[in-house]
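>
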Amino acid sequence: MRQLPPGARGRRQRAAPGSHPPPPNLAAPSPTGDARLPARQFRVIKHGVAATGMPAWGKVGMQDSEVWDLVAFLQVLPTLDAAQYRQRIAASDGHSHAGAEQHAAHLGQIAAPSGKRGGKAHDHAGHRH
Numbered sequence: 001m002r003q004l005p006p007g008a009r010g011r012r013q014r015a016a017p018g019s020h021p022p023p024p025n026l027a028a029p030s031p032t033g034d035a036r037l038p039a040r041q042f043r044v045i046k047h048g049v050a051a052t053g054m055p056a057w058g059k060v061g062m063q064d065s066e067v068w069d070l071v072a073f074l075q076v077l078p079t080l081d082a083a084q085y086r087q088r089i090a091a092s093d094g095h096s097h098a099g100a101e102q103h104a105a106h107l108g109q110i111a112a113p114s115g116k117r118g119g120k121a122h123d124h125a126g127h128r129h
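Taken in order, the sequence shown gives residues 1 to 129; the numbers are from UniProt numbering.
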């Protein structure tokens with residue numbers, strides 16, 4: 001099913017038709033509890049899941065500290081109501097919808113020793129990390 005943020009209304013649809021296994025509803029309490037173990041979530045985010053749509057974010061530049069931040073968010077996500085969810089998103093450092101390749105390339109640009117990219121200072125006006 002297409003996942004909606006906590007408190008959102010809308011018609012639920014398959015998030016990724018034909019995917020097997022289907023993506024989990026991360027906002028719902030886990031029926032088994034095992035999927036909610038922080039170490040398991042870390043491993044899945046960092047290393048991905050073979051033969052599924054879950055990429056290995058550790059291979060494209062996501063640092064362990066960023067993975068643990070995401071795990072911490074996943075741990076509290078099922079307890080959030082709509083207002084709490086919006087508040088956490090607004091207070092976050094931001095995110096990108098550009099995809100892992102652009103995120104990794106961007107991290108490489110800002111880590112350049114000169115602090116400049118293509119002769120221009122790195123500008124955060126159009127995006128956030």
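Virtual Cβ for every residue (Gly too), placed ideally from N, Cα, C.
Bear in mind that the values here come from a model prediction, so they are computed numbers and not experimental data.
Given this structure, state the Cα-to-Cα distance separating M54 from R40, to the nearest angstrom.
The sequence position of residue 54 within the sequence shown is 54, counting from 1. The sequence position of residue 40 within the sequence shown is 40, counting from 1. Each residue's Cα considered, the two are about 14 Å apart.
> Measuring CA to CA, which of Y85, R88 and L80 is closest to P29?
Here residue 29 refers to the residue found at position 29 of the sequence shown. Closest by alpha carbon: L80.
> Can you look up G58 in the DSSP assignment and give me helix, strand or coil?
Taking the first residue of the sequence shown as position 1, residue 58 is located at position 58. DSSP, reduced to helix, strand and coil, places G58 within a helical segment of the structure shown.
> Looking at the secondary structure, which residues open and close the alpha helix (DSSP H) in which V76 lies?
Residue 76 sits at position 76 when you count from the first residue of the sequence shown. V76 -> alpha helix (DSSP H) spans D64 to V76.
> Could you compute how far the alpha carbon of L107 sits from the alpha carbon of G61?
By 1-based counting over the sequence shown, the position of residue 107 is 107. By 1-based counting over the sequence shown, the position of residue 61 is 61. Caution applies to L107, whose pLDDT of 49 falls short of 50 and renders its modelled position unreliable; the model cannot decide the point.
> Given a threshold of 16 other Cβ atoms within 10 Å of its Cβ, counted over all protein chains shown, does I45 qualify as buried or as exposed?
Residue mapping note: residue 45 aligns to position 45 of the sequence shown, counting from 1. Flag for I45 reads buried.
> Is the beta carbon of P24 sitting closer than 8 Å to the one on A35?
Stepping through the sequence shown from its first residue, residue 24 is reached at position 24. Stepping through the sequence shown from its first residue, residue 35 is reached at position 35. Yes, the Cβ-Cβ distance between P24 and A35 is below 8 Å.
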